[in-house]
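Protein chains: 2
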Amino acid sequence: MNPIRLSLAEVHDFCHATLLANGLAELHAAAIARSIARAEADECHSHGLYRLIGYVASTRSGKAEVAALPELKPATPVVMRVDAHRGFAPLSIETGVPALIAAAKTYGIAALAIHDCYHYSALWADIEPATESGLVAFAFTVGQCCVAPAGGTQPLLGTNPFAFGWPGPKGRPFIFDFATSAAARGEIELKRRAGEALPPGWAVGPDGAPTTDPAAALKGALLPFGGHKGSALSIMVELIAGPMIGDLTSRQSLAADNGDGGAPRGGELMLAIDPAVFGRDSVGERLSIADELFALARQQPGVRLPSDRRYAARERTREHGVEIDPALFAELKALMPG
Amino acid sequence: MNPIRLSLAEVHDFCHATLLANGLAELHAAAIARSIARAEADECHSHGLYRLIGYVASTRSGKAEVAALPELKPATPVVMRVDAHRGFAPLSIETGVPALIAAAKTYGIAALAIHDCYHYSALWADIEPATESGLVAFAFTVGQCCVAPAGGTQPLLGTNPFAFGWPGPKGRPFIFDFATSAAARGEIELKRRAGEALPPGWAVGPDGAPTTDPAAALKGALLPFGGHKGSALSIMVELIAGPMIGDLTSRQSLAADNGDGGAPRGGELMLAIDPAVFGRDSVGERLSIADELFALARQQPGVRLPSDRRYAARERTREHGVEIDPALFAELKALMPG
């Protein structure tokens with residue numbers, strides 16, 4: 008079968024209509040539709056249309072509060088908190104990020120904690136507005152509990168993504184966003200759906216032995232990237248997006264889950280820093296130095312910077328839309344109540 | 008030859024006397040002696056007595072300002088800056104850290120930039136006082152320019168260490184501190200001195216081909232840990248400890264260096280966050296949740312947490328002192344002017 012081609016507006020409207028028809032409140036449906044359309048625009052399929060299945064599952068199961076209104080509660084002038092009241096994350100992030108940006112612009116550094124949400128979107132999208140405002144930004148969230156610490160074989164940690172953004176080059180900010188596991192759980196699930204084997208080193212099976220079978224990996228444990236260093240970073244994310252902000256660890260989140268296959272419950276931490284408060288020279292001068300660093304990296308054959316692939320996709324999809332696997336699209340259309 | 012055994016007080020006094028005799032101002036000599044003794048206490052030899060050679064070289068060569076007085080200049084209530092005026096870092100860190108801790112305790116989050124220093128010590132020691140004050144802390148500095156981005160073969164990045172600390176378990180905080188290169192330059196230099204080969208994957212030679220020869224690695228390029236993810240983290244550290252705070256990139260630092268073999272010039276960024284401003288429950292409750300996470304990690308055979316080795320060493324050396332290689336000790340004694 009040929010792939011289905013949808014414009015980004017069609018992706019957005021399809022998600023919006025499907026979520027509304029399943030009983031999700033308008034504000035949430037709109038925020039999630041924007042989030043999914045942004046992921047598809049960058050061909051970040053693991054956080055794109057595929058995620059609609061989980062959003063609908065958690066709407067129908069009653070796990071997520073369908074009409075929760077996020078509540079912004081600043082703790083100090085530089086620590087913003089948003090209580091998501093167990094709603095999906097995108098609306099809470101849209102609620103908190105402007106306050107984070109304003110505080111960082113005024114004081115030089117600020118933090119935003121999103122509490123008690125269901126997070127299912129890509130972190131790079133959460134920090135892009137801050138980088139567009141000239142800020143350096145970080146985001147962390149505790150993913151699903153399926154990762155063993157380095158040297159171990161039992162799930163203890165989440166996939167625990169780490170995202171960082173720099174406010175340049177202009178219009179195409181340097182942003183990375185990666186799971187601290189060897190791969191994101193979404194990637195494993197896409198491989199399982201596609202019937203593909205995993206590269207060696209990504210996972211162990213339920214018996215603790217290395218495996219390349221995605222189904223065995225999902226029953227066993229994923230491994231951190233980069234050995235003990237990646238494992239240390241995963242523990243860091245677990246701590247700062249969990250107990251530091253008073254939210255769930257990935258184990259606690261798993262224990263609280265109803266098994267509907269949707270997003271895990273937990274928190275998210277974002278930090279923003281304004282380069283303008285540091286240094287003796289102008290920010291423009293320093294952004295140029297960073298631009299030169301990026302250019303020198305790209306000059307080396309074989310080097311690709313983390314956001315390059317996404318921005319190339321963004322150029323393409325703006326004009327040509329996105330391709331959707333027909334089997335997936337059929338599954339998504341079936342989410343519309345009869 | 009049998010190793011030389013020194014008490015930690017002897018390590019401190021030896022460093023202090025050697026630095027003073029070479030013309031370093033008393034305040035700097037004392038801060039560096041404390042820094043080296045702390046590294047040796049934790050058997051962190053790559054940042055211990057061995058570093059005295061470089062400190063003396065940069066004192067004698069005039070690269071470091073021997074009597075620079077660090078100047079604390081808060082930029083906002085939560086952004087502290089210390090101008091090191093081209094002195095060694097330890098005195099500037101001791102000057103800035105109390106202000107960082109106070110700001111984080113008052114506002115929940117704060118940053119400290121050390122500007123224009125010669126940094127040659129271990130980052131875990133820089134953040135330990137913050138963790139002892141109940142804070143979460145981070146530290147970043149741009150190391151010597153000798154690391155190629157993932158996929159490349161030419162040095163562009165520093166070894167760019169990343170340190171993180173959590174305020175528990177009590178008395179033995181979870182702290183990691185690692186180079187974002189596969190190994191720290193100090194480790195490569197110790198292997199060269201010991202005539203040992205490098206593990207595969209650490210470096211390429213000047214021809215761009217993989218090498219296990221430490222001397223070839225020092226002439227070629229080290230590689231990041233963990234492939235493109237470690238490479239992205241290395242770029243992040245380069246950006247936030249360099250241009251973000253208005254300080255040198257590792258390339259700029261290399262270009263400014265006089266080749267005396269001592270510390271590179273540059274900046275350091277520290278962040279501190281007070282968990283007490285987040286969350287609805289008590290901090291004590293949340294530290295217990297983290298303690299349980301650490302305990303569960305240790306229960307898995309094969310898992311070791313990053314600070315365990317250092318704290319075990321600290322117990323040992325408090326009573327028994329440290330062992331020094333006789334050849335290194337002879338070299339160190341020869342640093343005392345005749």
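Protein sequence lines correspond, in order, to chains A and B.
Just so you know, we're using my numbering here: the first sequence kicks off at 8 and counts up by one.
Just so you know, we're using my numbering here: the second sequence kicks off at 8 and counts up by one.
C-beta: ideal position from N, C-alpha, C; glycine also.
- Boundaries (first-last residue) of the alpha helix (DSSP H) holding T166/B: It is not in any alpha helix (DSSP H) - T166/B carries neither H nor E in the DSSP assignment.
- Would you mind telling me which residues of chain A sit closer than 9 Å to R316/B, beta carbon to beta carbon, in chain order? Near R316/B there are no residues of chain A at all, since even the closest Cβ is about 11 Å away, more than 9 Å.
- For chain A, find out if any of its Cβ atoms is closer than 8 Å to the Cβ of M243/B; answer yes or no. yes
- Query: Got a sec? Which residues, its chain only, sit under 6 Å from V86/B by beta carbon, not counting five neighbours each side?
  - Reply: A118
- Taking the C-alpha atoms as reference points, what is the distance between Y125/A and P136/B? 35 Å
- Query: For the putative contact between V154/B and S188/B, defined by C-beta atoms under 8 Å, what is the C-beta separation to the nearest angstrom?
  - Reply: Confirmed, about 5 Å.
- Task: Please check the pair Q151/B and P271/B, which I expect to be a contact at CB under 8 Å, by giving their CB distance rounded to whole angstroms.
- Result: 5 Å
- Message: With H, G and I counted as helix, E and B as strand and the rest as coil, what does DSSP make of M251/A?
- Response: helix
- Task: Report yes or no: is there a C-beta of chain B within less than 8 Å of the C-beta of M277/A?
- Result: no
- Query: Residues of chain A with a CB under 8 Å from the CB of M343/B: which are they?
  - Reply: Ordered by position in chain A, no residue passes the 8 Å Cβ test against M343/B, which lies about 38 Å from the chain.
- Paired residues, beta bridge with F95/A - DSSP: Y125/A, per the DSSP bridge assignment.
- Item | Where E275/A sits in the DSSP three-state scheme | strand
- Task: For the alpha helix (DSSP H) containing A38/B, list its first residue and its last residue.
- Result: E33 to A48
- In terms of alpha-carbon separation, which member of A228/B, A109/B and F336/B lies closest to Q307/A? A228/B
- Query: Distance, Cα to Cα, G266/B vs F169/A?
  - Reply: 36 Å
- Query: In terms of alpha-carbon separation, which member of F21/B, A28/B and Y57/B lies closest to A40/B?
  - Reply: F21/B
- Item | Reduced DSSP secondary structure (H/G/I, E/B, other) of D184/A | strand
- Query: Exposed or buried, which one is K236/A when buried takes at least 16 other CB atoms within 10 Å?
  - Reply: buried
- Can we say the region 328-339 of chain B touches the region 11-26 of chain B, given the rule of at least three CB pairs closer than 8 Å? Touching, yes, given that three or more Cβ pairs across the two stretches are closer than 8 Å.
- Message: By the 9 Å beta-carbon criterion, what residues does the region 155-181 of chain A contribute toward chain B?
- Response: A155, P156, A157, G158, G159, T160, Q161, L163, L164, F169, F171, W173 and F181
- Message: Would the region 97-110 of chain B count as touching the region 63-70 of chain B if we require 3 or more Cβ pairs under 8 Å?
- Response: no
- Item | Candidates D315/A, T138/A, D90/A and A91/A, of which the one nearest A109/A by Cα | T138/A
- Query: In three-state terms, what does DSSP make of T256/B?
  - Reply: For T256/B, the secondary structure class from DSSP, reduced to helix, strand or coil, is coil.
- For W173/B, collect the residues of the same chain with a Cβ closer than 7 Å to its Cβ; drop the 5 residues on either side in sequence, then sort them by chain order. T138, V143, P180, F181 and A297
- Task: Using three-state DSSP, classify D90/A as helix, strand or coil.
- Result: strand
- Ordered along the chain, which non-local residues of its own chain (more than five positions away) have a Cβ less than 8 Å from that of L79/B? Answer for L79/B: M87, R88, V89, T102, G103 and A106, listed in chain order.
- Message: Contact criterion: CB-CB distance below 8 Å. Does Q307/A meet it with respect to chain B?
- Response: yes
- Item | Under 9 Å by beta carbon: chain B residues contacting D288/A | G253
- Item | When T219/A, G175/A and E299/A are compared against D281/A, the one with the closest alpha-carbon | Selected option, being the one with the closest Cα: G175/A.
- Query: Which residues in the same chain as A74/A place their Cβ atom closer than 7 Å to its Cβ, once the five residues preceding and following it in sequence are excluded?
  - Reply: A32
- Locate the beta strand (DSSP E) running through R12/A, then write down its first and last residues. It spans I11 to L13 - the beta strand (DSSP E) in which R12/A sits, taken as one unbroken run.
- Query: If you draw a straight line from the alpha carbon of L278/B to that of A248/B, how long is it in whole angstroms?
  - Reply: One C-alpha to the other measures close to 11 Å.
- Task: Kindly confirm or deny that the region 312-320 of chain B and the region 189-202 of chain B touch, where touching means at least three C-beta pairs closer than 8 Å.
- Result: With the cut-off at 8 Å, the region 312-320 of chain B and the region 189-202 of chain B do not touch.
- According to DSSP, what are the bridge partners of L7/A? Since the first residue shown for chain A is 8 and the last is 345, residue 7/A is missing from the structure and cannot be characterised.
- Task: At 7 Å on the CB atoms, spell out the chain B contacts of R311/A, in chain order.
- Result: G158
- Message: Taking DSSP's pairing of strands, which residues face A228/B in a bridge?
- Response: V211/B
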